[in-house]
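This report concerns only the one structure given below.
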Amino acid sequence: MDDSIHIPKDSKAPTKPRFRIGLSEPTIEKMRLMKKNALKMWRIYRKNRLGMAGLIILMIFVVMAVFSPLVMSLLSIIGGWDQAYGPFDQDYSTPKESPPSLKHWLGTDSYYQDVLARVVYGTRVSLLVGLVATAVSMGMGAGVGLLSGYWGGIKDDVLMRITDVFLVIPWLALMIVFAAVLPGGASVTKVVFVIGITGWSSTARIVRAQVFSLKERSFVERAKAVGAGDYYIVRKHIFPNVFPLMFANAILTIALSILSESTLSYISLGPDSSKVVTWGNMIADADAAFAIRQGLYLWIVVPGLCIVAVVLGFTLIGYAMDEIFNPKLRKR
Amino acid sequence: MRNGKILIARKAFNSFITLLMVVVMNFFLFRVIPGDPLMNLRNNTRVSDEYKEQFIHDFGLDQPIYVQFLKYIENVFTLNFGNAISEPLRPAMDIILDNMVWTLILTGTSSILMIVIGMSIGILAAWKRGGAFDTGSMAFSLFFYAMPTFWFAMMLIVIFATELKWTPSGGALEYGTRFEFTWISIKDMLSHLVLPATALTIGSIAAFSLIMRGSLIDVMTEEYITTARAKGMTERKVLKDHALPNAMLPMVALIAIDIAFVVGGAFQAEVVFDYPGIGWLTVKATIDKDFPLLEAAFFLIAVVVIIANLIADVLLVYMDPRVKME
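What follows is the structure in structure tokens.
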């Protein structure tokens with residue numbers, strides 16, 4: 379490895395690089411270790427063909443999300459359009475709900491907007507909702523799982539019965555009821571919250587089971603014996619060991635969250651399509667305009683394929699991660 | 004077996020607590036609705052003012068919240084959720100039970116199909132592990148797993164109803180007819196069932212085939228399988244008599260967990276195909292802001308799912324001796 383930061387084996391050596399980069403030596407050592415671990419993981423990951431396929435699919439969409447205006451500008455040069463359409467730009471020179479043409483490759487929607495531009499820009503919110511909703515449910519799931527597993531007893535029972543409610547009730551029924559009764563209209567924040575709050579239960583279960591088995595291990599008992607507090611043990615000894623398990627779970631949850639968002643949007647409980655464009659509410663708009671009966675199939679097919687691709691990408695990565703973090707699977 | 008009975012009793016108790024929590028949650032969720040939840044009722048011109056007064060009185064909506072809560076508990080135990088706001092002359096429970104039949108037909112058919120097909124694919128994939136069938140079926144399963152059910156349903160309509168005109172595009176029966184036990188009616192029902200059931204089944208196959216495959220591969224590495232092989236048994240016999248019975252156990256647990264997902268998928272299929280089941284009704288109630296109907300539907304879904312889960316748990320206790328040892 380060609381590290382630019384040279385760390386002498388003997389810390390008392392005269393050439394201390396400490397002030398050169400402003401980090402203390404233990405930190406540097408930690409970072410080196412992390413880098414080494416990451417490289418090791420990457421080497422295993424690279425061998426997983428499905429995982430790599432997922433990563434490539436995902437990269438394409440991340441580029442599309444980050445550089446949406448650039449992508450549209452490029453397409454406008456290729457297509458020779460007079461402007462690069464934005465998701466809300468209305469082009470009255472073309473009839474609404476028009477079939478694909480040279481100017482609008484995927485046609486236009488009910489508000490004279492370019493379907494292609496909406497597909498490209500839709501990547502942003504679809505990915506964002508998936509990520510943030512997953513962060514919410516991971517936070518809740520980890521919190522409940524850690525506490526429940528560490529406390530045990532009555533408190534654990536109570537928390538687990540609450541978890542059961544969220545685990546057992548069909549996710550869509552739960553989301554519909556939450557989306558229907560909570561205030562906040564049809565905002566992205568609310569959709570994120572609704573998806574997050576309905577998606578944490580399985581994570582809590584997984585984390586709790588792991589904590590239960592960790593709790594009995596000798597390193598936790600040793601920490602207790604030398605007088606470490608509960609919070610310290612959870613933070614320093616339990617959480618780092620639960621984290622890898624959660625990581626693979628989180629990636630699979632992102633896939634489910636994106637599916638949830640599109641489903642909520644389809645039954646018009648998602649973000650308002652005149653303010654925010656997602657693939658889900660594009661399909662909802664197309665459905666409301668009877669796109670199938672009009673024969674405007676691409677308006678439904680393309681956003682749907684984007685959802686499939688992104689969800690598939692995350693799922694493949696999730697399974698690959700699972701294999702890396704659960705070495706038991708690798709041996710098979 | 005004593006151990007098993009205690010376990011079942013505990014599971015039943017837990018299910019009961021879960022149900023109670025749903026009941027409590029159901030109450031408070033519908034009281035945090037912003038604005039006036041009764042607005043839809045007050046604006047309804049199809050019912051008399053006396054009816055509205057009676058409705059408000061029956062549910063204690065003019066009284067403090069703890070009185071409302073007691074009234075609500077009483078109503079839950081008598082399954083009285085009041086009349087639907089969108090159809091003021093029918094009790095919400097009646098409407099829901101009517102629709103429940105269609106959901107049970109749809110989810111029942113699909114569940115059987117997805118379990119049988121999913122397990123068969125899983126077994127074959129594990130059997131010929133690493134082969135063309137394994138890779139192919141895995142890709143197939145994951146592709147459809149990644150697909151939103153509602154979108155897949157729409158694609159089925161495009162292909163089989165709009166373009167090929169093989170099946171009707173929506174509804175549960177020919178418009179305006181009721182179900183009778185005649186050939187024509189049954190055939191009509193089945194032709195309306197094909198597409199929704201396909202949409203629901205294919206998306207959920209992955210869950211079963213992947214777990215079955217993983218479970219079987221796991222079991223095949225156990226030492227007793229090697230022993231069976233060493234005794235000179237044929238591979239087929241090893242699979243059938245030694246590996247499969249144990250590999251099936253996680254499937255039973257999975258079927259319980261999957262009920263929630265199947266119902267979620269059924270919701271979507273029903274909405275797309277205008278199939279008058281409970282999911283279709285729930286979405287309609289949400290759009291109409293018909294809260295008595297939504298409340299009752301949510302309660303009934305919870306009851307059915309919790310009972311189904313309990314049954315699966317009990318089955319698992321009887322099938323897997325290891326569960327009792329915990």
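Chains as they are written, first to last, in my numbering: chain S, 379 to 710; chain R, 4 to 329.
Every residue gets a Cβ at the ideal spot worked out from N, C-alpha and C, and that includes glycine.
Could you check whether the Cβ of residue i sits closer than 7 Å to any Cβ belonging to chain S?
i, result
"Asn312(R)", "yes"
"Leu22(R)", "no"
"Gly111(R)", "no"
"Leu32(R)", "yes"
"Trp169(R)", "no"
"Ala175(R)", "no"
"Thr165(R)", "yes"
"Phe72(R)", "no"
"Ile309(R)", "yes"
"Thr237(R)", "no"
"Ile304(R)", "yes"
"Ala210(R)", "no"
"Leu318(R)", "no"
"Phe19(R)", "no"
"Val25(R)", "yes"
"Met254(R)", "no"
"Gly267(R)", "yes"
Consider the Cβ of residue i: report whether some Cβ of chain R lies at a distance smaller than 7 Å.
i, result
"Ser454(S)", "no"
"Ser652(S)", "no"
"Ile695(S)", "no"
"Gly577(S)", "no"
"Tyr423(S)", "no"
"Ile702(S)", "no"
"Val503(S)", "no"
"Pro404(S)", "no"
"Thr656(S)", "no"
"Met379(S)", "Confidence in Met379(S) is poor, its pLDDT being 43 and thus under 50, which makes the residue's placement unreliable; the coordinate value appears in the next sentence. Not an interface residue."
"Trp483(S)", "no"
"Ala558(S)", "yes"
"Trp549(S)", "yes"
"Leu676(S)", "no"
"Ser389(S)", "Reliability of the predicted coordinates at Ser389(S) is poor, the pLDDT of 48 falling under 50, and no value is obtained from them."
"Thr641(S)", "yes"
"Leu506(S)", "no"
"Leu637(S)", "yes"
"Leu436(S)", "no"
"Val689(S)", "yes"
"Thr567(S)", "no"
"Gly682(S)", "yes"
"Tyr644(S)", "yes"
Taking residue i and residue j to be in contact with their CB atoms under 8 Å, please state how far apart those CB atoms are, rounded to whole angstroms.
i, j, result
"Ser635(S)", "Gly508(S)", "4 Å"
"Ala128(R)", "Ser212(R)", "7 Å"
"Ala259(R)", "Ala311(R)", "7 Å"
"Ala495(S)", "Gly464(S)", "6 Å"
"Ile214(R)", "Pro253(R)", "6 Å"
"Ala272(R)", "Pro199(R)", "4 Å"
"Gln468(S)", "Tyr489(S)", "6 Å"
"Phe147(R)", "Ala209(R)", "6 Å"
What are the partner residues of residue i, as DSSP defines its beta bridges?
i, result
"Pro94(R)", "Asn86(R)"
"Asp492(S)", "Thr486(S)"
"Gln66(R)", "Gln66(R) is not bridged to any residue."
"Gln71(R)", "DSSP output for Gln71(R) lists no bridge partner at all."
"Gln468(S)", "Gln491(S)"
Listed in chain order, which residues of the region 213-230 of chain R have Cβ atoms closer than 7 Å to some Cβ of chain S?
Ile220 and Thr224
If the cut-off is 7 Å on Cβ atoms, which residues from the region 523-545 of chain S count as contacting chain R, listed in chain order?
Arg539, Ile540, Asp542 and Val543
Can you confirm whether the region 114-121 of chain R touches the region 85-101 of chain R when touching is taken to mean that 3 or more C-beta pairs between the two stretches lie within less than 8 Å?
no
Between the region 282-290 of chain R and the region 162-173 of chain R, are three or more C-beta pairs nearer than 8 Å?
no
Could you tell me whether the region 178-189 of chain R touches the region 690-697 of chain S, where touching means 3 or more Cβ pairs closer than 8 Å?
no
Between the region 648-660 of chain S and the region 489-503 of chain S, do three or more beta carbon pairs fall short of 8 Å?
yes
Assess, as a yes-or-no matter, whether the region 15-22 of chain R is touched by the region 538-546 of chain S under the definition of 3 or more beta carbon pairs within less than 8 Å.
Here the region 538-546 of chain S lies against the region 15-22 of chain R, with 3 or more beta-carbon pairs under 8 Å apart.
Between the region 472-486 of chain S and the region 667-679 of chain S, are three or more C-beta pairs nearer than 8 Å?
yes
When you compare the region 568-588 of chain S with the region 511-518 of chain S, are there three or more beta-carbon pairs, one atom per stretch, that lie closer than 8 Å?
yes
Please confirm if the region 288-300 of chain R is in contact with the region 516-524 of chain S, defined as three or more CB-CB distances below 8 Å between the two stretches.
No: fewer than three Cβ pairs fall under 8 Å.
Near-chain R residues of the region 619-636 of chain S (beta-carbon distance less than 8 Å), N- to C-terminal order:
Ala633
For the region 97-109 of chain R, which residues have a CB atom closer than 9 Å to at least one CB atom of chain S, in sequence order?
none
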